[in-house]
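Here's the structure we're looking at; comments come further down.
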Amino acid sequence: MTPRVILHVDMDAFFASVEQVDHPEWQGKPVIVGSDPKQRGVVSTCSYEARNYGVHSAMPSRQAFELCPEGIFVRPRMQRYQTASNAVFQIFEQFTPDIEALSIDEAFLDVTGSLRLFGDGLSIAKQIQTQIYEALGLTCSIGIAPNKFLAKLASEEKKPNGIFSVPLDQTHLLAWLGKKSIRDLWGVGPKLATLLESHNIKTIRDIQCCNPETLASWTTPLLAHHLTEISFGRDNRNVTTEHEEKSFSREHTYTQDTLDDETLRQELRWIAEDVGRRLREHNLWARTGKIKIRYTGFRTVTRQATFPQPICDDQALREMAWELLAQNLESNIPVRLIGFGVENFVANPTDETDDLFAHYAHPSLTRERQERLSHTLDKIRKRYKNQI
Numbered sequence: 015m016t017p018r019v020i021l022h023v024d025m026d027a028f029f030a031s032v033e034q035v036d037h038p039e040w041q042g043k044p045v046i047v048g049s050d051p052k053q054r055g056v057v058s059t060c061s062y063e064a065r066n067y068g069v070h071s072a073m074p075s076r077q078a079f080e081l082c083p084e085g086i087f088v089r090p091r092m093q094r095y096q097t098a099s100n101a102v103f104q105i106f107e108q109f110t111p112d113i114e115a116l117s118i119d120e121a122f123l124d125v126t127g128s129l130r131l132f133g134d135g136l137s138i139a140k141q142i143q144t145q146i147y148e149a150l151g152l153t154c155s156i157g158i159a160p161n162k163f164l165a166k167l168a169s170e171e172k173k174p175n176g177i178f179s180v181p182l183d184q185t186h187l188l189a190w191l192g193k194k195s196i197r198d199l200w201g202v203g204p205k206l207a208t209l210l211e212s213h214n215i216k217t218i219r220d221i222q223c224c225n226p227e228t229l230a231s232w233t234t235p236l237l238a239h240h241l242t243e244i245s246f247g248r249d250n251r252n253v254t255t256e257h258e259e260k261s262f263s264r265e266h267t268y269t270q271d272t273l274d275d276e277t278l279r280q281e282l283r284w285i286a287e288d289v290g291r292r293l294r295e296h297n298l299w300a301r302t303g304k305i306k307i308r309y310t311g312f313r314t315v316t317r318q319a320t321f322p323q324p325i326c327d328d329q330a331l332r333e334m335a336w337e338l339l340a341q342n343l344e345s346n347i348p349v350r351l352i353g354f355g356v357e358n359f360v361a362n363p364t365d366e367t368d369d370l371f372a373h374y375a376h377p378s379l380t381r382e383r384q385e386r387l388s389h390t391l392d393k394i395r396k397r398y399k400n401q402i
């Protein structure tokens with residue numbers, strides 16, 4: 015069988031890079047996208063110039079200002095970033111239909127079936143990188159490998175604006191993997207890493223050399239098997255495509271896992287408003303809302319609830335997202351990823367009384383008024399180039 019060729023494409027400091035493209039005078043300067051440092055809130059992402067000061071995503075904006083007082087603080091413009099993301103994914107589609115979107119700025123591409131048309135994986139990666147930069151002025155980092163785990167690990171190797179292909183020779187592959195920290199392994203969060211390090215397991219090489227039964231005695235047989243498999247670079251997961259006509263969702267992965275409830279609520283607010291905009295663009299109403307919480311160690315919880323009647327406005331979406339978060343968030347366990355989405359669409363809302371909607375409504379607004387308000391905000395954002 016022909017080995018699979020998987021690309022992991024990760025846009026470099028995506029939100030901040032879009033802002034630098036739109037504001038050329040900010041090129042080379044520390045751009046911080048998130049809340050105003052004078053208000054309570056967090057950093058969504060930041061440019062590499064800001065990262066040199068120690069700023070990172072999920073950091074309180076006030077702390078970011080203390081580290082980088084000359085930073086340029088910008089409120090997120092999700093619709094602008096989504097437009098840029100759509101353009102990036104359109105470039106991906108020129109090379110393969112097998113695209114798995116991980117987030118607005120990150121995706122797996124299975125280009126195995128495209129090699130005869132476009133050349134080997136390295137050639138395809140270079141073409142994608144060039145087209146994105148020429149069309150949008152944005153850079154990306156790309157990892158090339160026979161599976162998803164290795165491709166994602168490879169994309170971190172030469173950031174920013176780099177391409178790295180993992181060694182195909184097994185000896186060289188294991189040597190490359192072996193030098194990396196166990197914290198680079200899929201499924202190893204701080205808690206598990208601390209446990210393994212207490213047994214002097216610090217690198218992937220240590221996992222490779224560890225007796226699976228001994229590893230299982232420290233963890234569980236299932237987890238020990240998983241760690242052994244990926245430490246040798248084995249991952250059989252397929253690239254799975256999404257069908258947005260059946261659901262709309264958005265996720266955010268934190269650079270550093272967070273315990274801060276307000277950080278999660280603010281991210282859910284931005285996510286819910288982006289999901290609402292997409293619903294209204296397609297003239298759809300949703301019956302079901304769904305939250306996704308991924309904790310340290312990659313344990314993932316998903317929960318859903320049904321709206322009293324189909325909705326498409328931001329207020330109802332935000333309230334649903336926050337309520338699901340409050341009901342399902344586990345205390346004292348850091349969160350790695352937060353997401354929210356909707357499904358079970360209808361083309362026309364049911365003609366039910368506003369009383370049914372009151373649970374998710376502002377006391378002074380009926381469902382119809384909230385929908386009109388959301389549509390009006392969409393128009394204002396579009397008119398003023400999403401600067402609100």
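Going by the numbering used here, the first residue of the sequence shown is number 15, and it counts up by one from there.
All residues carry an ideal CB built from backbone N, CA and C; glycine is no exception.
- Counting only runs of at least 3 residues, the stretch 29–83 fully encloses the following beta strand (DSSP E) elements, listed from N- to C-terminal order: 45–48, 57–60.
- With a contact defined as Cβ atoms closer than 8 Å, Phe103 and Gly203 miss out at about 29 Å.
- Runs of the alpha helix (DSSP H) spanning 4 or more residues and lying entirely within the stretch 179–241 occur at 184–192, 204–212, 218–223, 226–232, in chain order.
- The Cβ atoms of Phe122 and Leu116 sit closer than 9 Å to each other.
- Taking a contact to require three or more Cβ pairs closer than 8 Å, the stretch 341–353 and the stretch 299–317 qualify as touching.
- For the pair Ser345 and Gln184, the Cα-to-Cα distance works out to about 42 Å.
- Where Gly303 is concerned, there is no enclosing alpha helix (DSSP H), although the beta strand (DSSP E) around it starts and stops at 299–309.
- In this structure, Ser179 places its C-beta atom within 9 Å of the C-beta atom of Leu136.
- Cβ neighbours of Arg54 within its own chain (closer than 7 Å, five residues either side excluded): Glu276.
- Under the criterion of beta carbons closer than 8 Å, Pro324 and Ala300 qualify as touching, at roughly 6 Å.
- In the three-state scheme derived from DSSP, where H, G and I count as helix and E and B as strand, Val19 is classed as coil.
- When the five nearest sequence neighbours on each side are left out, the beta carbons in the same chain lying within less than 7 Å of the beta carbon of Ala165 are those of Ile20, Leu21, His22, Phe122, Gly157, Ile158, Ala159, in order along the chain.
- Here DSSP, grouped into helix, strand and coil, assigns Gln108 to coil.
- Of the candidates Asp249, Arg219, Leu210, Gly247, the residue whose Cα lies closest to the Cα of Ala230 is Leu210.
- Where Ser137 is concerned, there is no enclosing beta strand (DSSP E), although the alpha helix (DSSP H) around it starts and stops at 135–150.
- Collapsing the DSSP output to three states places Val125 in coil.
- The count of Cβ pairs closer than 8 Å, one atom from the stretch 49–68 and one from the stretch 190–204, stays below three, leaving the stretches out of contact.
- DSSP places Ile394 within a helical segment (H, G or I) once states are collapsed to three.
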